[in-house]
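Written out below as structure tokens is the structure these notes cover.
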Amino acid sequence: MRVLLISDIHSNLEALEACLAAAPPHDMAVNLGDIVGYGASPNEVIERSRALGHIFVRGNHDKAASGAMDLRDFNPIAGLAALWTRDQLTPQNLKWLLGLPHGPIQTGELPGIQFVHGSPVDEDEYGGPVRRTSTPRSRVGTTLAQVMVGCAHGGLVRYSRRPAVRSRFASDPASNGRGNPSVPSVTGSRGETKRRALVRINVWPRV
1 MRVLLISDIH SNLEALEACL AAAPPHDMAV NLGDIVGYGA SPNEVIERSR
51 ALGHIFVRGN HDKAASGAMD LRDFNPIAGL AALWTRDQLT PQNLKWLLGL
101 PHGPIQTGEL PGIQFVHGSP VDEDEYGGPV RRTSTPRSRV GTTLAQVMVG
151 CAHGGLVRYS RRPAVRSRFA SDPASNGRGN PSVPSVTGSR GETKRRALVR
201 INVWPRV
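Position one of the sequence shown corresponds to residue 1 (my numbering), numbered consecutively onward.
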């Protein structure tokens with residue numbers, strides 16, 4: 001089973017299309033949250049994302065834009081972007097965004113894998129920067145074989161042998177849409193669940 005992991009599109013339709021165009025063949029797509037926020041195409045990105053698959057985890061920007069959380073923890077730019085996005089969404093897309101599942105989630109189609117946006121402990125928890133083999137601040141609270149994290153904000157541990165992290169590996173494909181201005185790339189990940197392989201895709205979209 002080849003799985004395309006997509007996360008943090010942030011209403012950036014051009015970045016999403018660039019990532020999909022560069023993606024290798026895959027059997028299904030999983031969206032790890034932050035579909036909207038910041039970018040100018042929230043409705044188009046929602047509709048494109050829904051056409052790609054049916055497995056979603058909501059992100060904090062999805063919650064903010066849909067009105068499912070207040071904006072006290074958002075910086076001013078992110079808060080204004082959430083309010084603008086909410087005004088742009090069609091009633092149907094706003095209802096769909098509000099109904100996205102609370103993470104972490106598991107699905108019968110991909111047993112042994114947990115999908116989260118922030119951390120396996122809580123969907124809104126993010127760890128600080130950690131080294132590859134260190135224990136994360138967010139205490140990865142799972143014993144599943146694989147954890148797919150949408151946006152760990154640097155607090156991600158992979159292949160750790162420490163007892164606090166009992167998963168084989170975690171993936172952090174973010175950000176597909178927002179990115180770092182000094183690194184004009186978007187990323188995605190393709191995981192092969194049988195072989196437990198993970199391939200990271202870096203794309204420089206022409207915008």
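Every residue gets a Cβ at the ideal spot worked out from N, C-alpha and C, and that includes glycine.
- Non-local C-beta neighbours of E44 in its own chain, meaning closer than 7 Å and more than five positions away in sequence, comprise L13, ordered along the chain.
- Contact annotation: the stretch 70-86 does not touch the stretch 48-59, with fewer than three C-beta pairs closer than 8 Å.
- Look at A18 here: in three-state DSSP terms it is helix.
- In the DSSP assignment, V57 is bridged to no other residue.
- In this structure, the straight-line span from the alpha carbon of D87 to that of A22 is close to 32 Å.
- Between the alpha carbons of G79 and A64 lies a gap of roughly 8 Å.
- Across the structure, I9 and I46 are spaced so that their CA atoms are roughly 10 Å apart.
- When the Cα atoms are used, W96 and L89 turn out to be separated by approximately 10 Å.
- Residue burial is scored here from C-beta neighbours: M1 has fewer than 16 other C-beta atoms within 10 angstroms and is therefore classed as exposed.
- By the CB criterion at 8 Å, C151 and H102 fall outside the cutoff.
- As computed with DSSP, I105 is found in a beta bridge with F115.
- Residue I35 holds the alpha-carbon nearest to the alpha-carbon of G59 among S49, S41, I35.
- Pairing S11 with P42 gives a Cβ-Cβ distance under 8 Å.
- Under the DSSP assignment, P42 falls in the alpha helix (DSSP H) whose first and last residues are 42-52.
- Nearest to W84 by C-alpha distance, out of V30, L4, G37, is G37.
- DSSP places A81 in the uninterrupted alpha helix (DSSP H) bounded by 76-88.
- Going by C-alpha positions, A15 is about 26 Å away from Q114.
- Its Cα nearest to that of R48, the residue C19 stands out among P24, C19, H61.
- Burial state of P24 is exposed, judged by a 10 Å Cβ sphere holding fewer than 16 other Cβ atoms.
- Cβ neighbours of M69 within its own chain (closer than 6 Å, five residues either side excluded): K63.
- S11 sits in coil when the DSSP states are folded into three classes, being neither helix nor strand.
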